[in-house]
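Residue numbers (the numbering used here): 7 to 602.
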Ligand SMILES: Nc1ncnc2c1ncn2[C@@H]1O[C@H](COP(=O)(O)OP(=O)(O)OP(=O)(O)O)[C@@H](O)[C@H]1O
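The structure is reproduced here in structure tokens:
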């Protein structure tokens, strides 16, 4: 019942969207479908009038009845064709301009990132990708289903007026629809069951044709194994789908058998009534006509139901995605973000566990980071450094504990404002395939014109790259849209410059932002970042947090946090930690020679 209400509400919304985008076509389509139901009834009545008039030798009435029946039948076809065209136009326009933006906003507009790594989200996005039009199709099918119901009601009235025996057809129709529904459910279940294999198949395909992974695959000789796995996934998809279609087909065929029995028996009863003088030949012809048309109506109802159930595959993810996006909008976080830091940022028993895992990635971390400080986070791979950075950026919500910004819980601070107040460069940076200038200034980052762009490029040590670009700042980056391809390190410099567009961020997060750079570039970037960090710190009390394996950089930080298995095991200044001769001293010894 709840599901029914949810879908009714959704269709009401989709009606509103369609009316907003194409009011004329929406109304004409609905009117056409409803009117079509009456032409169906008119055809049957016309046939009865003709046959009875012929029996009475009333030629005029017979001609009128025949003409009405023929015209109504033909009109039904014309209306069917026109509503078909209008439906297509509506789906095309409202789907792309009304629904696609909602899908995009729901998928990309959640402030946190937990969902981006989760199958329940990914499965639904896979189902919706490029399929937004089918959401509006779902609405047009609902209208069609109502019009078909109207046809069935008219058929009941007409058949009931001839003989109650004819009503026997309806339980058979109902039983057929039920059996058909069972068949569809089988197919739907099979479709859901194969979603993961489909994703695996797509992932392996993308991997094999991607420029970056393609090199590695060839070098390591992993190609045949990946192709084999791809084929195995494809085979699982095929066999699961076939099983679903076979069992669905059996249920459907059973449905048609039931209908055929109902039709034959009920018409047989009326024919017997004619012999007893209880019905006219016109009644039999009307019943036979309605029965025959009913077969079409039921056939159409079944195909509407099939299509509607097909669109559930899109409507369900659409509803889920919208609900997820609205539930994760962080609307309680209303405290304005500060404009400067006085005391600093304190982590209080901060804990975060990724969904689907048991061990916390950040485990009970407590530390005070004074305003104006440069902090380095070090630790082995997988020790929780990136997760800590993401928690500071509000990309994940702590499972327990908190982050206090000058005494205010970060959870209560307006997320959008917090992001405006900070800057970040991550290890896995984005590649925006647009012009060089736009790839740096894109987003809601401050647009300080050419001066800001120049400063950001300088801070990222990307002037050399900029000079080499054939069209300067207007050079299109990436080959997807016919631009120039950059090396990994050059892409990283663009990302670094992007993170420097905010002149005075309160929090500057740098999560191994130079992993793809050569040693001199890395040194130059860190020197300029450290100078910048100190300069910003004196103006607004800003904090810079750097995750790095470069110990010459780490050593220059005011505070060093050493992480292990998600826990903060040591913290302090470089000399202090070396003197303590603990984990930091060990790490320093291992890394100093290779990275400094
Ligand atoms: N999306 C995720 N889902 C589940 N577990 C995750 C996810 N991301 C990270 N982890 C796990 O959380 C732990 C901490 O990962 P994190 O990336 O924070 O470590 P790190 O110290 O930054 O590692 P690295 O130096 O390799 O970047 C690791 O055990 C990792 O496997």
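We put the beta carbon where it would ideally sit given N, CA and C, even for glycine.
Touching by the beta-carbon criterion (3+ pairs, under 8 Å), the stretch 94-103 and the stretch 55-71:
Between the stretch 94-103 and the stretch 55-71 there are fewer than three inter-stretch CB-CB distances shorter than 8 Å, so the stretches are not counted as touching.
For ligand 1, is there any heavy atom lying closer than 7 Å to the beta carbon of residue 521?
No, the beta carbon of residue 521 sits no closer than 7 Å to any heavy atom of ligand 1.
Rounded distance between the beta-carbons of residue 257 and residue 185, thought under 8 Å
Rounded, the Cβ-Cβ distance is 5 Å, consistent with contact.
With a threshold of 7 Å (Cβ to nearest heavy atom), would residue 498 be considered close to ligand 1?
Closer than 7 Å to some heavy atom of ligand 1: that does not describe the Cβ of residue 498.
For residue 172, which beta-bridge partners are listed by DSSP?
Paired residue(s): none; residue 172 is not in a bridge.
Would you identify the three-state DSSP class for residue 491, choosing helix, strand or coil?
Looking at residue 491 - three-state DSSP - the assignment turns out to be coil, as it is neither helix nor strand.
Straight-line CA distance for residue 79 to residue 302?
Those two C-alpha atoms are separated by around 13 Å.
State buried or exposed for residue 586, treating a residue as buried only when at least 16 other CB atoms are found within 10 Å of its CB.
Residue 586 is exposed by the Cβ-count criterion.
Note down, in chain order, each residue of its chain lying with its Cβ closer than 7 Å to the Cβ of residue 188, except the 5 sequence neighbours on either side.
Around residue 188: 257.
So residue 391 packs on residue 383, CB below 8 Å; how close in whole Å?
Here residue 391 really is in contact with residue 383; their C-beta atoms are around 5 Å apart, less than 8 Å.
For residue 352, the residue or residues it bridges with in DSSP:
Residue pairing of residue 352 in beta bridges, as defined by DSSP: 374 and 410.
Short Cβ contact (8 Å threshold) for residue 242 with residue 200:
Going by C-beta atoms, residue 242 is nearer than 8 Å to residue 200.
Beta-carbon gap between residue 375 and residue 549 smaller than 8 Å:
For residue 375 and residue 549, yes; Cβs fall inside 8 Å.
Output needed for residue 635: all residues of its chain with C-beta closer than 8 Å, excluding positions within five of it in sequence on either side, in chain order.
Any property of residue 635 remains undetermined from this structure, which presents the chain solely from 7 to 602.
By how many angstroms is the C-alpha of residue 373 removed from the C-alpha of residue 451?
For residue 451, the predicted structure reports a pLDDT of 46, less than 50, and the residue's modelled location is therefore unreliable. A value from the coordinates is still provided. Distance between the alpha carbons of residue 451 and residue 373 is about 30 Å.
In its own chain, which residues sit with a C-beta less than 7 Å from the C-beta of residue 113, not counting the 5 before and 5 after it?
So the qualifying residues of the chain are 131 and 327.
Close Cβ partners of residue 272 (< 6 Å) along its chain, the five nearest in sequence each way excluded
Result list for residue 272: 171, 172, 174 and 175, in chain order.
For a minimum of 4 consecutive residues, which ranges assigned as the alpha helix (DSSP H) are wholly contained in the stretch 506-573?
Fully enclosed alpha helix (DSSP H) runs of 4 or longer: 525-546 and 557-561.
Taking only runs of the beta strand (DSSP E) that begin and end inside the stretch 415-470, which ones reach a length of at least 3 residues, in chain order?
Here the runs fully enclosed are 428-431.
Measuring CB to CB, does residue 160 end up less than 8 Å from residue 47?
Closer than 8 Å, so yes.
Alpha-carbon to alpha-carbon, residue 205 and residue 464:
If I take the Cα positions, the gap works out to 42 Å.
Inter-residue Cα distance where the pair is residue 574 and residue 407:
Approximately 14 Å between the Cα atoms of the pair.
Beta-carbon proximity of residue 137 to residue 320, cut-off 8 Å:
The beta carbons of residue 137 and residue 320 sit closer together than 8 Å.
Hey, how far is the Cα of residue 90 from the Cα of residue 18?
C-alpha separation (whole angstroms): 21 Å.
heavy atom of ligand 1 below 7 Å from residue 118 C-beta
Not so, every heavy atom of ligand 1 lies at least 7 Å from the Cβ.
Nearest neighbour of residue 300, chosen from 369, 251 and 177 [CA to CA]:
Taking residue 300 as reference, the option from 369, 251 and 177 with the minimal CA-CA separation is 177.
Residue 577 bridges to which residues according to DSSP?
Residue pairing of residue 577 in beta bridges, as defined by DSSP: 567.
Going by the C-beta, is residue 123 closer than 7 Å to any heavy atom of ligand 1?
Yes, the beta carbon of residue 123 sits closer than 7 Å to at least one heavy atom of ligand 1.
From this set, 227, 534 and 24, which residue's C-alpha is nearest residue 145's C-alpha?
When only C-alpha atoms are compared, the closest one is 24.
Residue range of the unbroken alpha helix (DSSP H) whose run includes residue 239
Run containing residue 239: 229-281, per the alpha helix (DSSP H) assignment.
In this structure, does DSSP put residue 49 in helix, strand or coil?
When secondary structure is reduced to three states using DSSP, residue 49 falls in the helix class.
Nearest-angstrom Cα distance between residue 510 and residue 546?
When the Cα atoms are used, residue 510 and residue 546 turn out to be separated by approximately 8 Å.
Residues that residue 166 bridges to, as DSSP identifies them
DSSP lists no partner for residue 166.
Considering only their Cβ atoms, is the gap separating residue 354 from residue 410 smaller than 8 Å?
Yes, Cβ-Cβ distance for residue 410 and residue 354 is below 8 Å.
Hey, out of 490, 467, 486 and 105, whose CA is closest to residue 478's CA?
For residue 478, the nearest C-alpha among the options comes from 490.
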